[in-house]
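Chains as they are written, first to last, in our numbering: chain A, 11 to 227; chain B, 11 to 227. Each residue gets a CB set at the ideal place from its N, CA and C atoms; glycine is no exception. Notes for the one structure printed next.
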């Protein structure tokens, strides 16, 4: 009974996610679902990416279990940000996306970034209308994350490795990390960045532009 | 229907957790459920604590979504470690604990540490037979974690703040963190540590000994 219910929840979610994605694509809105642990640097990444994509239209949906700290911070930077507060739920789902899209004003042709809940497990299991997922991991989390949380990496089209200024301080083993990523997500590019200085973010933006062009053509 | 099922799952879990805890307590085994994000430093903390509690009997249960990297590392240090691999599940539950306890050899009067899945959300919702929970958060995750993930902090008897050597490099705001902790977990002590050098771990061990003495008396 539980397994059947679980399957029904996934099917219902996936069907709605498909509709949401169709609706967004029909308006040439390119949608990126950003996964990562608490404190991986998702908001910093989005801030840096948004700066570089200006003046193209862009909106961010911020998913949080509680608090609107990140939404307030993004708005203060002039970024069009919308909050989903799940009140305990550990991932976003398609119904939450449908609800927030209903109250958003987003231009045709926009970039749409969704910062999922800080969690390297559950968000990987749900599509929510995105064109692709990316996963953000900080060097401070250690070199073993692709091995320990394979789904978040295998379902993502690219991996952004953050806080690279701490590499030596934390003894990060990039070879071990890269080998783990290659084993669960063969071909997915790795982008090392420093979200505080912006180092490395241009390469992420170039890759996003290529992914968008290829997806919307 | 879904809500009822959710309630039934919790009730079933809590009932079993109560029985597990009774069984452990009757053998004077003191059980600590360790929560924290991926890469927060849970395994390093347990390694340092185990070194200091020697020669007292001690066992560790390692929860992981995938891989046995931590269990292998703990065993290599001579620590009695047992693996639970959830195969995708985002938290440990009482039935998993019952299963692993069935295959463990653990002496009466032992310390039992459970490293829960790296996830600051779902593990907070489940009791699994522990006497108390502690939450581990690294300065690299940022100063806002108690505000964003209140349940993990409010359900924990203490908070271990790790990787304090990175404080300045990441611009950690300890006052903001402490205020957040105090608001969701009034009275819970904060222990800043460096898991690589062992700095600060003695205070954690003293607190654990006092908690154990008070719990088992």
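Of the candidates B:74, B:69, B:86, B:110, the residue whose Cα lies closest to the Cα of residue 117 (chain B) is B:69. At least one CB atom of chain A sits nearer than 7 Å to the CB of residue 129 (chain B). Against chain B, the CB of residue 91 (chain A) has no partner CB under 7 Å away; the residue lies outside that interface. A direct Cα-Cα distance of roughly 10 Å separates residue 23 (chain A) from residue 30 (chain A). Note on residue 42 (chain A): 16 or more other CB atoms within 10 angstroms of its CB, so buried under the neighbour-count rule.
Listed by position along chain A, the residues whose Cβ is nearer than 7 Å to that of residue 152 (chain B) are 49. Under the 10 Å beta carbon count, residue 19 (chain B) is surrounded by fewer than 16 other beta carbons and is classified as exposed. Any Cβ of chain A closer than 7 Å to the Cβ of residue 193 (chain B) would place that residue at the interface, and such an atom is absent. If the five residues before and after residue 222 (chain A) are omitted, its C-beta is found closer than 6 Å to the C-beta atoms of 40, all from its own chain and listed in chain order. With a threshold of 7 Å between beta carbons, residue 160 (chain B) makes contact with chain A. Within chain A, not a single residue places a beta-carbon under 9 Å from that of residue 164 (chain B); the smallest gap is close to 11 Å. Note that the C-beta distance between residue 157 (chain A) and residue 77 (chain B) is below 7 Å. Residue 86 (chain A) counts as exposed, since fewer than 16 other C-beta atoms from the protein chains shown sit within 10 angstroms of its C-beta. Residue environment for residue 176 (chain B): buried (at least 16 other C-beta atoms within 10 angstroms of its C-beta). In the displayed model, residue 90 (chain B) falls within a strand according to three-state DSSP. Inter-residue distance for residue 100 (chain B) and residue 179 (chain A) is about 29 Å (C-alpha atoms, whole angstroms). Around the beta carbon of residue 144 (chain B), a 10 Å sphere encloses 16 or more other beta carbons of the protein chains shown; the residue is thus reported as buried. Between residue 75 (chain A) and residue 92 (chain A), the C-beta spacing is not below 7 Å.
Here residue 26 (chain B) is near residue 104 (chain B), since their CB atoms are less than 7 Å apart.
It is roughly 43 Å from the alpha-carbon of residue 52 (chain B) to the alpha-carbon of residue 115 (chain A).
Look at residue 54 (chain A): its C-beta is not under 7 Å from any C-beta on chain B. Shown in chain order are the members of the region 68 to 81 of chain B whose Cβ falls below 7 Å from a Cβ of chain A: 74, 75, 76, 77, 79.
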